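Structure first, commentary second.
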Amino acid sequence: MTELIIGAGGGGKGGGGASARVAQEAPDSLRSKAYARVVDLISEGEIEGLVDGLQSVYLDDTPIQNADGTTNFSGVTLETRDGTQQQSVD
């Protein structure tokens, strides 16, 4: 950026020669991607799994997937461990 910004004159008598600039709000262009890996223990031993898949998982009281199959959050994947002795730990 090479934009010239003129100050208020630095104090003392007199002021700066330029008039005040009018603030302009830039368009919202902020993009962010966050990653989380959550391990949640809900049972001891083998379980049946989630009843409705991603419809059973909520973020801030919002289901990841709606009943019609549309998603409220993009890029979400779900892996379950049902508690069998043969399951992987990763």
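In case it helps, my numbering puts the sequence shown at residues 600 to 689.
For every residue, glycine included, the Cβ atom is placed at its ideal position computed from N, Cα and C.
Remember, predicted model here, so these are calculated numbers, not experimental data.
By the three-class DSSP mapping on this structure, what secondary structure does residue i have?
i: Leu653; result: helix
i: Leu629; result: coil
i: Gln664; result: strand
i: Thr669; result: coil
How many Å lie between residue i and residue j at the Cα?
i: Ala633; j: Gln623; result: 29 Å
i: Thr679; j: Val621; result: 55 Å
i: Gln685; j: Ala625; result: 55 Å
i: Ser642; j: Ser631; result: 34 Å
i: Ser618; j: Asp627; result: 27 Å
i: Thr661; j: Thr601; result: 45 Å
i: Ala635; j: Phe672; result: 13 Å
i: Thr688; j: Glu647; result: The sequence shown places Val at residue 688, rather than the Thr named in the question. One C-alpha to the other measures close to 18 Å.
Enumerate in chain order the residues of its own chain whose CB-to-CB distance from residue i is below 8 Å, with the five nearest sequence positions on each side excluded.
i: Thr670; result: Leu653, Ile663, Gln664
Within the same chain, show all residues whose beta-carbon is closer than 7 Å to that of residue i, passing over the 5 residues directly before and after it, in chain order.
i: Glu645; result: Asp681, Gly682, Thr683
Taking 6 Å as the limit between beta carbons, can you name the residues of its chain near residue i, skipping five residues before and five after?
i: Val656; result: Ile663
i: Glu675; result: What sits at residue 675 in the sequence shown is Val, not Glu. Taken in chain order, the residues that qualify are Ile663.
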